[in-house]
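For reference, the structure discussed in these notes is given below.
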Amino acid sequence: MESKITTEQIQNFTGKYPKQLWYLFFSEMWERFCFYGMRGMLVVFMVSQLSMKDEVANLQYGATQAWVYAFTFIGGLFADKILGFRKSLFWGGMLMILGSVILAVDPKNFFFIGISFTIVGTGFFKPNISSMVGQLYKDNDPRRDAGFSLFYAGVNLGALIGGYICIAVANGNLWASLVPEALRWNYAFGFAAIVMVISLLTFTQTQKSLGEIGLSPLLGLENSKRKLYEVLTYIGSLAIIPIIIMMVANTVYTDYFMMIIGPASVVYLFYEMRNFSSSENKKLLAALVFIIFSIFFWAFFEQSGGSLSLFAANNLHNTVLGVELDPNGVNNSANSLFVIIFAALVGMVWLAMAKKKIEPNTVVKFGLGFLFLAGGFWVFYYTKFFASPDGRTSLDLFTFGWFIITFGELCLSPIGMSAMTKLSPQKTQAVIMGMWFLASA
Ligand code: GLN
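Okay, so the sequence shown: first residue is 34 according to the numbering used here, each after it adds one.
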């Protein structure tokens, strides 16, 4: 008989990182490759291929991002209650593949359908893989934050390469001789689909090593009943797609929905709290405070796809340290590159400080996150003193601003995910992780 790995055995790993973390690292890296590849293509595609005006495309892009992150809450909820992390992740990955394939087949006519599949799929995938990372650690394991820092490097490695390659294929700057001009967008979306298949295969081939982590919460239930709930979840998530298509196409409805889902998620959390002890509830309230603060962080940070990209395109020179580069390309990717370079270092600093028992707690790390964010934006502001008469200013300085913000992100984002897994009782982990991402919506 096959012997099952217990969660305790996994959590008793020696060394810096458990091997399961590396498996999740690679699944997430490929998923982010697909996601950021798509994200990078959306606005350009809408403007150049669907003949949308800039501002309409921008609004619709905003709506897709809001939905992606709103759905992480819903994906988390269904993982906690019915599917478990693993099945959620599998289902989410399948929907993301389907979304990319639809876009690869006919991006012009099926654009909103493809995007909506991707939105729902990401909701099932993204929060649940992060929650599984948390479960690799015992409650008080000091290596948890460092683990999340490494995982976050995977996120950004995928984001950096995917964001660059997909748009380069679509623009004909990569493999131009292999890709027929009329089919460039099809190929670029198709490429995202292939990468998502790799992500899912990485997960399915390694998931045995997770032992009991991420299994269905309904295992105690009769088989047929559990199956029924699962199938209903799958059907429900497909049935919602036409509504999402309509909401993304009409961004006002998205606005209304976002105003409802935030408060509704808080009400839901309070409703859940009746099941937990008062010490658990105190922790949940702490998680909620972190989530609410993170809204402000992401509101500024996510300007990268909005106001900062316009600033980069219109007001920046095109050289970094003497090398000629596209300023908006730098705006899009400098941050991911810095995360990759410095995530492990920051993780090591936390570990070293933990060894000396001087590691700052989560509140202090969050505070540092905001200080770095403010410092970075101050550098952005300061670029105005270097402007030439044509209204363009230093891309070097602007890149330095992203360098500073990256340290803020490293103090807040992986640490926040780690805190969510620490502060929530097992039964509500994915919902809390979903709420963490909902802050970005
Ligand atoms: N860049 C990170 C990711 O893609 C964080 C995104 C967010 O929470 N807004 O996972």
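Every residue, glycine too, gets a C-beta built ideally from N, C-alpha and C.
- With at least 16 other beta carbons inside 10 angstroms of its own, Q240 counts as buried.
- V356 has V353 as its beta-bridge partners, per DSSP.
- For F66 against I194, the beta-carbon gap comes to about 6 Å, under 8 Å, which counts as contact.
- Per DSSP, the unbroken alpha helix (DSSP H) holding L401 starts and ends at T395 to Y415.
- Beyond the five residues adjoining it in sequence on each side, A112 comes within less than 7 Å, by CB distance, of F118, S121, N161 and A463 in the same chain, given in chain order.
- Approximately 20 Å separates the beta-carbon atoms of P447 and S232; this is outside 8 Å, ruling out the contact.
- I293 counts as exposed, since fewer than 16 other beta carbons sit within 10 angstroms of its beta carbon.
- Distances from the CB of V153 to the heavy atoms of the ligand GLN are all 7 Å or more.
- Residue ranges of uninterrupted alpha helix (DSSP H) with 4 or more members, entirely inside the segment 114-164 and ordered along the chain, are 117-138.
- With a cutoff of 7 Å, A192 counts as near the ligand GLN, since its C-beta is closer than that to a heavy atom of the ligand.
- Taking C-beta atoms as the reference points, E61 and F144 fail to come closer than 8 Å.
- In the structure shown, T426 adopts extended strand secondary structure according to DSSP, grouped into three states.
- Closest in C-alpha terms to P422, from the list L370, A474, L349 and G441, comes L349.
- Secondary structure note for I328: its alpha helix (DSSP H) is the uninterrupted segment S311 to F334.
- Exclusion of the five residues before and after Y102 leaves F470, L471, S473 and A474 as the residues of its chain whose Cβ lies within less than 7 Å of its Cβ.
- Per DSSP, E64 is one residue of the alpha helix (DSSP H) stretching across K52 to S81.
- Taken atom to atom, the span from the alpha-carbon of A420 to that of L343 is near 16 Å.
- For W208, the secondary structure class from DSSP, reduced to helix, strand or coil, is coil.
- Taking C-beta atoms as the reference points, N256 and I373 fail to come closer than 8 Å.
- Taking 7 Å as the cut-off, one finds at least one heavy atom of the ligand GLN near enough to the beta carbon of W331.
- For S369, the secondary structure class from DSSP, reduced to helix, strand or coil, is helix.
- Between the alpha carbons of I227 and G156 lies a gap of roughly 19 Å.
- In this structure, T151 is the residue among T151, V80, E245 and S81 with its C-alpha nearest to the C-alpha of G108.
- Counting along the chain, no alpha helix (DSSP H) covers S457, and no H or E run does either.
- The beta carbon of F405 is closer than 7 Å to those of I437, I438, F440, G441 and C444 in its chain, skipping five residues each way along the sequence.
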